[in-house]
Amino acid sequence: MNRRKDTIGALAAGLFALISAIACAYHVSVLTDLLRDGVRTSAVVVDFERGARNSRWAVYRYAGPSGEPITARDLFLEYIRGVERGENIFVLYDPESPDRVTADLGVWNWQAPAIYGVGFVLLAGLTLAVWIHRSAEE
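Residue numbers (numbering that gives the first Met the number 0): 0 to 137.
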């Protein structure tokens, strides 16, 4: 019975490791595109959209490519470093799709990929440890 539980545990940890790796790759892809091709401009945090378990996305107002006012929600959740309502910040937006925006927080832009990357490493390590332990009991 313990072998079966170990197998299920290893598969679950492996699945969550894979999900973490995909989330990390997605965040890195979007951020590198915005850092390479995006337009940096000043914005005001005008509101927040709330999600499950008190998660939130900042909503910004800024001038688009032809100067028109744009109000758009951040592509990413706030994790560790967030912003406050009324705060003036810099954002990066996609000039071809100006509603694709994220705060330009410097090194803090990488907080989500770091969180998911560390999650991947820990969960992959757990998967390996459980699998080795399972194999040693055979």
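Ideal Cβ placement from N, Cα and C applies to all residues, glycine included.
Asked: Given that a residue counts as buried once 16 or more other Cβ atoms are within 10 Å of its Cβ, and exposed if not, what is phenylalanine 75?; Found: buried
Asked: Per DSSP, which residues does phenylalanine 89 bridge with? Please list them.; Found: Ser41
Asked: Taking three-plus beta-carbon pairs below 8 Å as touching, is the stretch 68-88 in contact with the stretch 118-135?; Found: no
Asked: Since tyrosine 78 and alanine 42 should fall inside the 8 Å C-beta cutoff, what is the C-beta to C-beta distance between them, to a whole number of angstroms?; Found: Not really, about 19 Å apart at Cβ, beyond 8 Å.
Asked: Which value, in whole angstroms, describes the spacing of the CA atoms of alanine 128 and aspartate 98?; Found: 43 Å
Asked: Check whether the Cβ atoms of isoleucine 88 and valine 38 sit closer than 8 Å, and answer yes or no.; Found: no
Asked: So who's on the other strand from phenylalanine 47, going by DSSP bridges?; Found: Ala57
Asked: Around the Cβ of serine 19, are there at least 16 other Cβ atoms within 10 angstroms (buried) or fewer (exposed)?; Found: buried
Asked: Can you name, in chain order, every residue of its own chain whose Cβ lies under 8 Å from the Cβ of proline 64, other than the five neighbours on each side?; Found: Val38, Pro94 and Pro97
Asked: Counting C-beta neighbours from all protein chains within 10 Å, is the total for histidine 26 16 or more, i.e. buried, or is it exposed?; Found: buried
Asked: If you check the beta carbons only, do arginine 35 and phenylalanine 47 fall under 8 Å apart?; Found: no
Asked: Quick check on this structure: which residue in Thr40, Val82 and Arg80 has the alpha carbon closest to the alpha carbon of glutamate 67?; Found: Thr40
Asked: Go through the stretch 68-137 residue by residue and report every complete run of the beta strand (DSSP E) that reaches 3 residues or more, in order.; Found: 68-72, 87-93 and 96-102
Asked: Let's test the definition: count the other Cβ atoms within 10 Å of the Cβ of threonine 6 and tell me whether it reaches 16, buried, or not, exposed.; Found: exposed
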